[in-house]
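Each residue of the sequence shown is one higher than the one before, counting from 0 in numbering that gives the first Met the number 0.
Note that beta-carbon positions come from the ideal geometry of N, C-alpha and C, so glycine has one too.
Predicted, not measured: the structure shown is a model, and the values here were computed from it.
Please read the structure below before turning to the comments.
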Amino acid sequence: MSKPTKKAESTVSLSLDTKDIAILKVLQQNARATVKEIADQVHLSTTPVHERIKRMEESGVIKQYATLVDHTKVKKGLMVICYVSLKQHDKTAGGKFIKRMHELNEVIECYNISGEFDFMLKVVAESMDAYYDFHVNKLSQAENIGHVQSVFVMGVIKQTHVLVH
Numbered sequence: 000m001s002k003p004t005k006k007a008e009s010t011v012s013l014s015l016d017t018k019d020i021a022i023l024k025v026l027q028q029n030a031r032a033t034v035k036e037i038a039d040q041v042h043l044s045t046t047p048v049h050e051r052i053k054r055m056e057e058s059g060v061i062k063q064y065a066t067l068v069d070h071t072k073v074k075k076g077l078m079v080i081c082y083v084s085l086k087q088h089d090k091t092a093g094g095k096f097i098k099r100m101h102e103l104n105e106v107i108e109c110y111n112i113s114g115e116f117d118f119m120l121k122v123v124a125e126s127m128d129a130y131y132d133f134h135v136n137k138l139s140q141a142e143n144i145g146h147v148q149s150v151f152v153m154g155v156i157k158q159t160h161v162l163v164h
């Protein structure tokens with residue numbers, strides 16, 4: 000039996016009106032809100048709210064629903080920002096690095112950046128020993144690594160996923 004293919008996200012820009020923005024604001028605060036709860040807050044009936052949410056999901060405005068977990072409560076108390084530069088900058092080498100980052104569970108975010116470094120990683124580990132093991136035995140062993148600079152997060156001042164205000 001063949002696996003169903005994921006519906007491709009639309010590349011067409013979706014125009015959002017004030018009601019769409021209001022729905023997004025509610026969902027950003029509580030992705031578990033029911034359609035009825037959202038409808039009550041944005042002053043629409045449930046059917047148009049459901050249709051608007053479905054349209055925003057299909058167009059890729061709403062990418063996914065997620066549970067945000069406190070890293071300190073799941074034995075990932077150490078957070079590190081790693082700046083990585085590659086030795087080679089061709090498409091193949093970059094692709095291999097990106098593929099490897101997807102395989103490393105300790106890497107929770109990876110950004111291709113400009114400037115002195117090529118990538119910025121957000122890494123979580125249980126302890127300094129666990130991070131050392133990750134750095135020496137996983138990250139530094141990845142093909143084409145030039146230089147890695149680790150910055151240890153001392154405290155989180157602001158962390159949000161709210162994009163629509």
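Check, Outcome
"Could you name the residues of the same chain whose beta carbon sits closer than 6 angstroms to that of residue 152, not counting the 5 residues immediately before and after it, in chain order?", "78"
"Looking at C-alpha atoms only, which residue of 155, 91, 157, 81 is the closest neighbour of residue 139?", "81"
"Label residue 31 either buried or exposed according to how many other C-beta atoms from any shown protein chain fall within 10 Å of its C-beta, with 16 as the threshold for buried.", "exposed"
"In whole angstroms, what is the alpha-carbon distance linking residue 88 and residue 126?", "32 angstroms"
"State the DSSP-derived secondary structure class of residue 42, mapped to helix, strand or coil.", "coil"
"Assuming residue 117 and residue 85 make a contact with CB atoms under 8 angstroms, what is their CB distance in whole Å?", "5 angstroms"
"Since I believe residue 68 is in contact with residue 13 (beta carbons under 8 angstroms), could you give me their beta-carbon distance rounded to a whole number of angstroms?", "Their Cβ separation, rounded to whole angstroms, is 29 angstroms, which puts residue 13 and residue 68 out of contact at 8 angstroms."
"For residue 100, I'd like the list of residues in its chain whose CB is within less than 6 angstroms of its CB, leaving aside the five on either flank, ordered along the chain.", "106, 109"
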